[in-house]
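Below is one structure; the comments refer to it alone.
Residue numbers (this note's numbering), protein chains in the order written: chain A, 601 to 1084; chain B, -9 to 467.
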């Protein structure tokens, strides 16, 4: 429960229906896309303009009440998980597209605008917004910036951080700051990059200018089947090593292919051990040249079958399964747990083989469907939360995958963010020297730690506490730290 | 906010003690001679006040860390130095201190051809890296003109003539090894193509001009050498037609690898300096196309059509390597060509960058402004990015002319900011652009200062640069 004088001060800032404090009203905000973790917030406030955001933050700052900003709540890492003693600041009402400048190729939008809505608004100008998380019909651009979201097209067109020009945000003390600018570069420290992916820990975003790209004249996708997952993984590296940067380069293993085929009926080759989807985009002659090269590499890498989309409808059909992979897997298993480890591409064969072995060891099926070109894995561990022991074994299996990702030079999260979910992994991935810098930056923005506390960056004490869970090969991580 | 700087050097006894111990430890790699110190006191811009007290040439991360630790304990400034090609006074030792010349950390540590990345020490120059990559079919495209070190390019977030296709250092640095102000070695980023774990320290250090940490190793993105490269030159009746052509090309999304604008004055200088006798002293665009042979032809034809609609003539192709090299050498020598227009004069370069939709307006207003001042100030630019430079010439013996030149440069900066752009598209802030930074960023400057304080509480790392100092540096405490 929050202090009643505090909530009454909140109610003076926004209209009556924009402040929720009753448990039945705040329940929809108890979790985001990561439903493993739930907490009912003390209050939910839904401002509809920046002045209200400023006032809310000033109030929370003065009263030392923590604030969790929230977009559409599609985070897969618990980034928007509330605090019982805190306020959820929903930006759902910030959904105006303020301007589209076709000449400068930018769109100025509010943070609550859905990712796909930007491309829809830009379509009449022949432009689109490139980063396309699978949840793009629902997820908000503010959340995308906060998590540095990725997507299928990021291999060629970059992550959110590469596609944002300017961010306007409110600091915890209510100050309004603009990061970045309308021109190519902006002098001084790259605060724009710092804000991007900061998971709501540094400021609350109120306006975003994104880059738009011209829609390619033509896009074509090749679907290639492999009888061995390592061959498919090697093909990914071979394509990139040949100097080809496809518009998208995605992989699905047999488990995933079978699940999506039942769902979308795209006529995927069900006997294949793995399927690659490789997209070429550009002018017709560029696409023709690139596709010829892609087919050559795929064949040389041992593809047993290659189909190239003959028209737009077929292209979309080939992609439909990939885009629908998560819901499709949701249909065949009571629960699944999605991992987001990212590794250097060259390590793909080894890591996929290891995941397969562990899957058998744990007796837990694992469907792999992922951004292969980026080396961004998304193993979906299938389990049944009602079956005793399943959940624990799933978490252990997941932790081992992430440790392996770190071991081969990768990262515990490619695009979903750390949130609450991977806070333990942070201790394994980063040395205390780096974590100390993170904490120093956090203090510079938010000295009292009021913005989204407990997420993204663990305290060193927490790492020490959690350390025992990551004893690897008998070596205690960070032995120099005090234990509690 | 006032950004006046009062330069105060460290107290002599502390400095003497430190230089002595450095000389003892690093012997011939720690140099106190006047000539070497002078050489390390400036980049290629105008001379600045401030020589380091000693120049040390470390060869390893551990040596850098150890020197920084010592300096931090003694509160003595440390300035990282590559090859000194920066333009905004980045390397001037405003308060004296230790210059860390990283040019001996010049090893390419690994090349991962299959992953299209490599790891190099900070002192590797971009030309040395590309020489090392020969035979792998890969290259590192970022080309600021000067043969700068990769560490220096990362520190200043350099870009250059082909940023329009390949991005700037911001897009091409995957990870770093950085020595922090307390002398610890931190690795950021890595070989994974993307990561949303933790704050983006990599990009925070990229462009921080040695004020937050000293970059000692850089993980870089590499690219496959394009199958075909061709260049083209097109001359225009007026500047407007040239700039408008660029805007249309960008709008159509033609993936040109480089587009460079030279105005009539610059073109005249280049014709004289680089013997481009086949061209006229008119506004000119240089293009380069990368891709498959078919794509390259397609791009060039599209550009030719656009140029034709904007009064472009004499569209000339250059496919042979020697011919392309000659053209781009001429472009890279533009600064020296401009200087040669008026022997005895000095020059500095402005660095405005505006949203491409405002580019024509900004360039034309600037051109009219130059004419009005009566100064010679040729315009060159990476216009595909909205970035252009003036090489402003002035007589160092004529204070009036210098003042006029500086006023022109200030107007160019403010004009760019007014049009939603920046005063520093690629050269960085250093010490010369601090006021403009404040004009451009307002509140964010305070935040930058807090970050500086958080990561370098004793203000030893390249003090007085990049962000305005919060207070006059004092070494008495």
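All C-beta atoms in this analysis are idealised placements derived from N, C-alpha and C, irrespective of residue type, glycine included. All of these numbers come straight from a predicted model, not from anything done at the bench.
Buried or exposed: residue 427/B, going by 16 or more other Cβ atoms within 10 Å of its Cβ? Answer is buried; the Cβ neighbour count reaches 16.
Query raised in the report: The alpha helix (DSSP H) with residue 24/B in it runs from where to where?
Result: Residue 24/B -> alpha helix (DSSP H) spans 24 to 29.
query: Which of the three DSSP states, helix, strand or coil, is assigned to residue 61/B?
result: It is helical.
*Going by DSSP, name the residue or residues bridged to residue 822/A.*
Per DSSP, 878/A, 908/A.
_Just to confirm my understanding: we take residue 1072/A, look at its own chain, exclude 5 residues before and 5 after, and list those with CB closer than 7 Å. What are they?_
For residue 1072/A, the predicted model reports a pLDDT of 38, less than 50, meaning its position is unreliable and no value from the coordinates is stated.
Item checked: Straight-line gap, residue 980/A to residue 19/B (C-alpha atoms, nearest Å) -> Approximately 55 Å between the Cα atoms of the pair.
ask   = Taking the continuous alpha helix (DSSP H) assigned at residue 317/B, which residues delimit it?
value = Here the alpha helix (DSSP H) through residue 317/B covers 311 to 322.
Does DSSP classify residue 66/B as helix, strand or coil?
Three-state DSSP puts residue 66/B in coil, outside helix and strand.
Practice task
Return the chain-ordered ranges of every beta strand (DSSP E) run that is complete within the stretch 653 to 717 of chain A and spans a minimum of 3 residues.
Solution key: The stretch 653 to 717 of chain A contains these whole beta strand (DSSP E) runs: 667 to 670, 687 to 690, 697 to 701, 706 to 709.
- If residue 1086/A and residue 727/A are in contact, beta carbons under 8 Å, what's the gap, nearest whole angstrom? One cannot answer for residue 1086/A here, as it falls past the ends of chain A, which runs 601 to 1084.
- Message: Let me confirm a value: residue 855/A is counted as buried when at least 16 other C-beta atoms fall within 10 Å, else exposed. Which label applies?
- Response: Note on residue 855/A: 16 or more other CB atoms within 10 angstroms of its CB, so buried under the neighbour-count rule.
Notebook entry, point to check: Quick one: is residue 1033/A near chain B, going by C-beta distance under 9 Å?
Noted result: Yes, because at least one Cβ of chain B sits closer than 9 Å to the Cβ of residue 1033/A.
Would a C-beta distance cut-off of 9 Å place residue 746/A and residue 800/A closer than the cut-off?
If you check the CB distance, residue 746/A and residue 800/A come in under 9 Å.
Legend entry - residue 807/A - containing beta strand (DSSP E), residue span: Counting along the chain, the beta strand (DSSP E) containing residue 807/A begins and ends at 804 to 811.
Residues that residue 352/B contacts on chain A, provided the C-beta gap is smaller than 8 Å: For residue 352/B, no chain A residue has a C-beta closer than 8 Å to its own C-beta; the minimum C-beta separation is roughly 10 Å.
**Report entry** Where the stretch 957 to 988 of chain A meets chain B: residues whose CB sits under 9 Å from a CB there
**Finding:** Per Cβ criterion, the list reads 971, 973, 974, 975, 976.
Alpha carbon of residue 399/B to alpha carbon of residue 907/A, nearest angstrom: Going by the C-alpha atoms only, they are around 58 Å apart.
So what does DSSP say about residue 766/A, is it helix, strand or coil?
Residue 766/A falls in the strand class under three-state DSSP.
Exercise for review: Classify residue 780/A as helix, strand or coil using the three-state DSSP reduction.
Suggested key: In the three-state reduction of the DSSP assignment, residue 780/A falls in the strand class, which pools E and B.
Name the DSSP bridge partner or partners of residue 390/B?
-> For residue 390/B, no pairing in a beta bridge is given by DSSP.
(message) Give me the subset of the stretch 763 to 776 of chain A whose CB atoms are less than 8 Å from a CB atom of chain B, sorted by chain position.
(response) Those residues of the stretch 763 to 776 of chain A that come within reach of chain B (Cβ to Cβ, closer than 8 Å) are 771, 775, 776.
Endpoints, alpha helix (DSSP H) assigned at residue 568/A = As displayed, chain A neither begins before 601 nor continues past 1084, which places residue 568/A out of reach and without an answer.
Please list, in chain order, all residues of the same chain as residue 450/B whose beta carbon is under 7 Å from its beta carbon, the five residues on each side excluded. Cβ within range, chain order: 61, 62, 65, 66, 67, 68, 171.
* **Own chain partners of residue 168/B with C-beta closer than 6 Å, once the 5 adjacent residues on each side are dropped** => Here the set comprises 176, 195, 203, 205.
4 or more residues per run - each alpha helix (DSSP H) lying fully within the stretch 118 to 148 of chain B
Fully enclosed alpha helix (DSSP H) runs of 4 or longer: 140 to 145.
Next on the checklist: Between which two residues does the alpha helix (DSSP H) holding residue 88/B run?
Outcome noted: Element bounds for residue 88/B: not the alpha helix (DSSP H) but the beta strand (DSSP E), 88 to 91.
So the candidates are 225/B, 348/B, 270/B, 369/B; which of them puts its Cα closest to the Cα of residue 300/B? The shortest C-alpha separation from residue 300/B is found at 225/B.
Are the stretch 41 to 60 of chain B and the stretch 122 to 137 of chain B touching, with three or more C-beta to C-beta distances below 8 Å? Result no; under three Cβ-Cβ pairs closer than 8 Å.
Practice task
Find the nearest neighbour of residue 1043/A within the set 432/B, 440/B, 429/B, 430/B, judged by alpha-carbon distance.
Solution key: Closest option to residue 1043/A, Cα to Cα, is 440/B.
**Message:** Please identify the residue among 883/A, 938/A, 840/A whose C-alpha is closest to the C-alpha of residue 755/A.
**Reply:** It is 840/A whose Cα lies nearest to the Cα of residue 755/A.
Original post:
Taking the beta strand (DSSP E) that residue 220/B falls in, what are its first and last residues?
Top reply: First-last of the beta strand (DSSP E) with residue 220/B: 218 to 226.
Which residue's Cα is closest to the Cα of residue 931/A: 984/A, 871/A, 674/A?
Checking every option, the nearest Cα to that of residue 931/A belongs to 984/A.
Q. Can you tell me whether DSSP reads residue 442/B as helix, strand or coil?
A. Residue 442/B falls in the helix class under three-state DSSP.
Quiz item: In chain B, which residues lie less than 9 Å from residue 938/A when you measure between Cβ atoms?
Solution: Neighbours of residue 938/A in chain B, taken as residues at a C-beta separation under 9 Å, are lacking, since the least C-beta distance is about 14 Å.
I'd like to know if residue 416/B contacts chain A, where contact means its C-beta is closer than 9 Å to some C-beta of that chain.
By the rule that beta-carbons nearer than 9 Å mark a contact, residue 416/B touches chain A.
| Going by the beta-carbon positions, is the gap between residue 971/A and residue 751/A smaller than 9 Å? | It is a contact, given that the beta carbons lie within the stated cut-off.
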